[in-house]
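All letters in the sequence shown, in the order written, are residues 168 to 558 by the numbering used here.
Structure, as structure tokens:
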Amino acid sequence: MKTLVNLLFLGIVASQGMAAERGIFGLYGDTPDAKHAWAVHDFNRPYPKQVETPIGKPPSDAIVLFDGTQKSVDENWCDDQGKPTKWRVKDGLFVCVPRSGMACTKRAFGDAQLHVEWMSPVADAQKHGQLGGNSGVFPMGMYEIQILNSYDPDPNADVTRNYPDGIAGSAYAENPPLVNASRPAGEWQSYDIVFHQPIWDGTNLIHAGTITVFHNGVLVQDAWELEGMSTHRVRRPLAPHPTKLPWKLQDHGDPVPFRNIWIREIPSRWANTTHSVMSAKEADVRALREQIAAKLFAQIDPAKPDVRNVNAILEVLSYSKLPKYTDTAKTLCGGYEKMLRSLPEKDLDSVRTYVTGTLKGFDVLLRNQVIAPADYPLYATLQEIVRKKKW
Ligand code: MG
Numbered sequence: 168m169k170t171l172v173n174l175l176f177l178g179i180v181a182s183q184g185m186a187a188e189r190g191i192f193g194l195y196g197d198t199p200d201a202k203h204a205w206a207v208h209d210f211n212r213p214y215p216k217q218v219e220t221p222i223g224k225p226p227s228d229a230i231v232l233f234d235g236t237q238k239s240v241d242e243n244w245c246d247d248q249g250k251p252t253k254w255r256v257k258d259g260l261f262v263c264v265p266r267s268g269m270a271c272t273k274r275a276f277g278d279a280q281l282h283v284e285w286m287s288p289v290a291d292a293q294k295h296g297q298l299g300g301n302s303g304v305f306p307m308g309m310y311e312i313q314i315l316n317s318y319d320p321d322p323n324a325d326v327t328r329n330y331p332d333g334i335a336g337s338a339y340a341e342n343p344p345l346v347n348a349s350r351p352a353g354e355w356q357s358y359d360i361v362f363h364q365p366i367w368d369g370t371n372l373i374h375a376g377t378i379t380v381f382h383n384g385v386l387v388q389d390a391w392e393l394e395g396m397s398t399h400r401v402r403r404p405l406a407p408h409p410t411k412l413p414w415k416l417q418d419h420g421d422p423v424p425f426r427n428i429w430i431r432e433i434p435s436r437w438a439n440t441t442h443s444v445m446s447a448k449e450a451d452v453r454a455l456r457e458q459i460a461a462k463l464f465a466q467i468d469p470a471k472p473d474v475r476n477v478n479a480i481l482e483v484l485s486y487s488k489l490p491k492y493t494d495t496a497k498t499l500c501g502g503y504e505k506m507l508r509s510l511p512e513k514d515l516d517s518v519r520t521y522v523t524g525t526l527k528g529f530d531v532l533l534r535n536q537v538i539a540p541a542d543y544p545l546y547a548t549l550q551e552i553v554r555k556k557k558w
């Protein structure tokens, strides 16, 4: 009877069937530190939102900019002056009307993922240089990913040959695509673009920003660091601009058709001030750690030194070492140790998972220098049991 009481008190009987539940052994990966509010493999970390990804359709969280309808154009596109775009919807395609100006998104976007499909008109196939099916995607209206008839399988044909930093898939005037993934004129092509804008501190450039492009599924720009603004012939250095601006499709005088255009706003890594070696602000990290510690501590019964509360308070310590947490930890660990020691040897096997689990939690705290072993005699007791039982 005494054993059952002890097991109950340790929280072991009550915990049967819950061994896999998080929180029993909260400490698993390396603990939070000055630049990381979360531990490695931290169950407390917010879980990503589920996005539906039906095949052939935009993901459920995308903003659809063109779906084949005039309505989607009226809602999402305008010209450079904010007036209705003169580009036309024809047979479900959004077609550039030459010399009508850029098509601009009505909404402003900053860092984003864009999907767009386009085609070089067959009539443009034999045009030379920059004159065949020229358009372009301009993230924030500032940086061009070139659209051009660039299919060129025969290096001697030189029909559409162009300067390499101006063919399809190039970061125009800066970087040619890694490979030429173009399809011939008359075939649909796709761009999937991931754009991160330059980061400024006043007029001091912190990070150049990057552009990644998949052309027909092939990586052609691999986080290319932007060197300047969209340009021709001259180098035009980066300069600060608003953090959200319309994205644009270029009118370069060719009737390039588009379809299936959608965009997803994405967070900047630089906006992450609580978990990143690159961008974390230590005060923000500290504040979030205290917030998590307080939330976890609120679920602990300081008067009940069972396995759950012991592991939970050790987890709290990994976030914060406020005196009220360390005092509670010492009390809970002391009580837990006392109960463990009072357990008859024959019953130790039934608590093996809990002993080894708590020991692993201690190991995580010790290797991250969160606590000193001398402050927690429970640690030595757990080691002693494991050694004795050869677990
Ligand atoms: Mg262009």
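Cβ atoms here follow ideal geometry from the backbone N, Cα and C, with glycine treated the same way.
Please read these numbers as outputs of a predicted model, since none were measured by experiment.
With distances taken between CA atoms, E392 lies nearest to A338 out of K294, A338, A292. CA-to-CA, the gap between I428 and R436 works out to about 25 Å. Set against 7 Å, the gap from the CB of G303 to the closest heavy atom of the ligand MG is smaller. Contact check for V346 against V380 fails: the beta carbons are separated by 8 Å or more. In the three-state reduction of the DSSP assignment, N476 falls in the helix class.
Taking a cut-off of 8 Å on C-beta distances, the stretch 446-456 touches the stretch 198-208, as three or more cross pairs fall below it. In this structure, the ligand MG has a non-hydrogen atom nearer than 7 Å to the beta-carbon of E311.
Taking one beta carbon from each stretch, the stretch 412-430 and the stretch 300-307 have 3 or more pairs nearer than 8 Å; the two touch.
In the displayed model, V207 falls within coil according to three-state DSSP, outside both helix and strand. For L372, DSSP records a beta bridge to W367. With contacts defined by Cβ atoms closer than 8 Å, H208 and G193 do not form a contacting pair.
Between Q313 and P344, the alpha-carbon positions lie close to 10 Å from each other. Within the chosen limit of 7 Å, the ligand MG does not reach the beta carbon of H382 with any heavy atom. Put simply, the backbone Cα of V483 is about 9 Å away from that of T493. Apart from the 5 residues on each side of it in sequence, T440 sits with its Cβ closer than 7 Å to the Cβ of S446, A447, K448, D451 in its chain, given in chain order.
DSSP, reduced to helix, strand and coil, places S357 within a strand of the structure shown. Here P540 is exposed. Its C-beta has fewer than 16 other C-beta atoms within 10 Å. Non-local C-beta neighbours of D468 in its own chain, meaning closer than 7 Å and more than five positions away in sequence, comprise N476, ordered along the chain. Membership of Q237 in the alpha helix (DSSP H) is indicated by the continuous run 237-243.
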